[in-house]
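Taking it in order: structure first as structure tokens, then the write-up.
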Amino acid sequence: MDHDGRRRIDLEGVPETLLWNLHQRAYEARQPHPVLDDPKAIELVERIDYPFEERFGTPSPLLAQGQALRVRTFDDAVRAFLREHPRGTVVALAEGLETQFWRVDNGRAHWLCVELPQTAKVRQALLPDEERRRTLARSALDLSWRDEVDPAHGVLVTAQGLLMYLRPAEVRQLIAGCAEAFPGGSLVFDAVPRWFGERTLSGRMRTAQGYVTPPMPWALDAGELPKIRTAHPAVTEVRELPLPRGRGAYFGVVWPVLRRLPGVRNIRPTMTVLARFRPHT
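Be aware that the sequence shown starts at 76, since it is given in the working numbering, and climbs by one per residue.
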């Protein structure tokens, strides 16, 4: 903790992306008519001693809104799950400093955040565990985290900003592990198209300040969604979740059309996907 009461954070590589995501959400939340109400993100930015602007630059209004709308897609999926399973468990894999719990909590749900030890330490320092919300210091690929989940009231696993940083075989292993352990449950994740993944692998995704997006070995074009079902026989449904309509011409008019046009769907830098698992028979 620094002298001004802010907490200094030193992260690099993939873990540092949690600060980039936080920077984007807080920027959008400060807008006059934000598409995402996220006062907790603003609070965290103000509590953290980190050179956000120097490292990432001032967020592009279009990019920040797109990031916030993607987050809202996850929020909507969690809210839908909690309407059906009010006492259910949300397992947030590699959540970083995401503040989704404070946006969607219904007062009854349980929340398990699975983080690498390095990022778990940061999250626990800034967002200490509570009775219904806790952080587990463990890799999402160490499937022993499943033993920490009570499936009695339903399970939704979220993987926001995670799978693209894994190898293809690891992605299949993780999806299969969730399908096997949580019959009747679901997984919500996001994916980048192949062109985007290739740009990160070549180091061409960088800001004017020199920040380079970490490599993304796993990518998925919109037409490849059926491949997700091959990860495990219990994966019974896979579909894209549409981005909420945003403000302005691009996110209000253009983006909703892009996802419906086969020839240009992959122009979008990301998509959000819901996979459902077969219940016990």
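Glycine included, every Cβ here is placed at the ideal spot set by N, Cα and C.
Small disclaimer: the values here were computed from a predicted structure and weren't measured.
In this structure the stretch 315-326 does not touch the stretch 267-276; the number of beta carbon pairs closer than 8 angstroms is below three. Residue pairing by DSSP places L187 opposite V166 and R209 in a beta bridge. The shortest C-alpha to C-alpha distance from W330 to any of W95, R145 and R304 is the one to R145. Residue pairing from DSSP places L262 in a beta bridge opposite V232 and A350.
When rounded, the separation of the alpha-carbon atoms in L201 and G338 is 44 angstroms. Comparing alpha carbon positions, the residue from L238, M346, H355 and F257 closest to L168 is L238. When C-alpha distances from D265 are compared across L97, G229, I303 and Q284, the shortest belongs to I303.
The stretch 345-354 and the stretch 305-313 touch, with no fewer than 3 CB-CB distances between them shorter than 8 angstroms. Taking C-alpha positions only, L216 is separated from R158 by approximately 29 angstroms.
The stretch 151-166 makes no contact with the stretch 122-131, as fewer than three CB pairs between them are under 8 angstroms.
Assigned with DSSP and collapsed to three states, I84 falls in coil, not helix or strand. Around the Cβ of E170, a 10 Å sphere holds 16 or more other Cβ atoms; the residue is buried.
Closest by C-alpha distance to M280, out of F131, E118 and A116, is F131. In the assembly as shown, G88 is an exposed residue. Its beta-carbon has fewer than 16 other beta-carbons within 10 Å. For D124, the three-state secondary structure derived from DSSP is strand. Unbroken alpha helix (DSSP H) runs of no fewer than 4 residues, entirely contained in the stretch 273-346, are found at 330-333, following chain order. Shown here, D217 sits in coil according to DSSP, grouped into three states, outside any helix or strand. Non-local beta-carbon contacts of A195 in its own chain, meaning distances under 6 angstroms to residues more than five positions away in sequence, involve T210 and A212 in chain order. N341 is positioned such that its CB atom lies no closer than 7 angstroms to that of A294.
The Cβ neighbour count for Q235, taken over all protein chains shown within 10 Å, is at least 16; the residue is labelled buried.
Distance between T92 and P290, taken at the CA atoms: about 12 angstroms.
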